[in-house]
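Chemist: So that we are looking at the same thing, I have put the structure below in structure tokens.
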Amino acid sequence: MNIIKKITVLLTASFLIFMAGFGCKKDAPPPTPTPVPTPTIVPHDEKIVYTFNGALYQIETDGKEKEELFPDSNSKWFPSVSPDGWYVAYWVFSGGAYNLWIGDFKKNISYQITFDSAGLEASTHNITINNSPSWTPDSEHIIYSRYGDIWKITRDGFNTEALTDTRNNISPAVSANHRLIYSKIEGSAYNLYVRALYGKHDTQLTSYTGEKAVSSFFSPDGKTVVYNLINKDTVNIYKFNIDSKTCLLYT
34 MNIIKKITVL LTASFLIFMA GFGCKKDAPP PTPTPVPTPT IVPHDEKIVY
84 TFNGALYQIE TDGKEKEELF PDSNSKWFPS VSPDGWYVAY WVFSGGAYNL
134 WIGDFKKNIS YQITFDSAGL EASTHNITIN NSPSWTPDSE HIIYSRYGDI
184 WKITRDGFNT EALTDTRNNI SPAVSANHRL IYSKIEGSAY NLYVRALYGK
234 HDTQLTSYTG EKAVSSFFSP DGKTVVYNLI NKDTVNIYKF NIDSKTCLLY
284 T
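Residue numbers (this note's numbering): 34 to 284.
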């Protein structure tokens, strides 16, 4: 089957959940603490995985063959399909807490991999900020945001490790060439930072003073980032070239 380019994910996911722009200017209204659907492409298949009313579905890219995935009583949000196309990571809301689950397409089973008792921070589960987990290129680890930092955990739920320790980081994404990008909360502004996936040195990409740069995604070559810029009651989509440090307004 055709492999759907990750750039499709960048544009589709950004557009469908109202996302925003970069180094060009904008401050957002109080967030609505309600998870919203976030579509994600299945790499080895012409299908899209998404959530609706707390249930997880997949559908052909032509709109046919809609099917509920891993049906149970859990409330499921923010799905992310692994690069190899065989797994989907998603958040489950249950008992007042959010935790990560994995759906295994090969075995047709789902299982929980984090066991926190707290809810997500209000800033990371609302309509304008994507909080989908991200995957390492080998599909072995999930990168996610929790308690203001970026974390890594194996697909089986072992070896949890904090990749940041400043308690102000959200909305991570990983590139095919092992780059990590995330938003850092700096007062009233959210700015984008990039580093080697397992490195310690950050490079600041944006320098907003009141706007919120969030929900970033990499292009397949890892050289370009698409992200949202929230400014009061407006949300725009921007494209940022990491090498040239230039940005382009999409909407």
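Here a beta-carbon is modelled for each residue, glycine too, at the ideal position from N, C-alpha and C.
So the beta strand (DSSP E) Y126 belongs to, where does it begin and stop?
Modeler: According to the sequence as given, residue 126 is Phe; it is not Tyr. Note, F126: beta strand (DSSP E), 120-127.
Chemist: Check for me: the beta strand (DSSP E) holding I261 runs from which residue to which?
Modeler: It should be pointed out that residue 261 corresponds to Asn in this sequence rather than to Ile. Taken as a continuous stretch (DSSP letters only), the beta strand (DSSP E) holding N261 covers 257-264.
Chemist: Can you have a look at T242 and say buried or exposed, based on whether 16 or more other CB atoms are within 10 angstroms of its CB?
Modeler: The residue is exposed, with fewer than 16 neighbouring Cβ atoms inside 10 Å.
Chemist: Do P170 and A209 have their C-beta atoms closer together than 8 Å?
Modeler: It is a contact, given that the beta carbons lie within the stated cut-off.
Chemist: For I176, which residues of its own chain have a beta-carbon under 6 Å away from its beta-carbon, when the five flanking residues on both sides are left out?
Modeler: Once the five neighbours on either side are set aside, the close Cβ partners of I176 are S167, K185, P205, V207.
Chemist: Let me make sure I understand the geometry here. Which of T147, Y215, T267, S240 has the alpha-carbon closest to that of K278?
Modeler: When each option's Cα is compared against that of K278, the closest is S240.
Chemist: Just reading off the beta strand (DSSP E) that Y180 is part of, what are its end residues?
Modeler: Per DSSP, Y180 belongs to no beta strand (DSSP E) and is neither H nor E.
Chemist: With DSSP as the reference, label T84 as helix, strand or coil.
Modeler: Residue state, collapsed to three classes: strand.
Chemist: If contacts are defined as beta-carbon pairs under 8 Å, then A246 and N274 qualify, I think. What distance do you get, rounded to the angstrom?
Modeler: Incorrect: roughly 15 Å between the Cβ atoms, too far for contact.
Chemist: Where does P104 land, buried or exposed, given buried means 16+ other C-beta within 10 angstroms?
Modeler: By the 10 Å Cβ count, P104 comes out exposed.
Chemist: With distances taken between CB atoms, is the gap from W119 to L133 smaller than 8 Å?
Modeler: Their beta carbons are not under 8 Å apart, which means W119 does not touch L133 by this criterion.
Chemist: Suppose the cutoff is 8 Å on Cβ atoms and the five residues either side in sequence are ignored; what does the same chain contact list for E194 look like?
Modeler: Closer than 8 Å at the Cβ level, and outside the excluded window around E194, lie W184, K185, I186.
Chemist: Please classify N192 as buried or exposed, where buried requires at least 16 neighbouring CB atoms within 10 angstroms.
Modeler: Classification of N192: exposed, given that the 10 Å Cβ count is below 16.
Chemist: Are the beta-carbon atoms belonging to T172 and P116 less than 8 Å from one another?
Modeler: In the sequence as presented, Thr is not what sits at residue 172; that position holds Ser. Contact: yes.
Chemist: Note the first and the last residue of the continuous beta strand (DSSP E) segment covering I146.
Modeler: Element bounds for I146: n/a, residue is neither H nor E.
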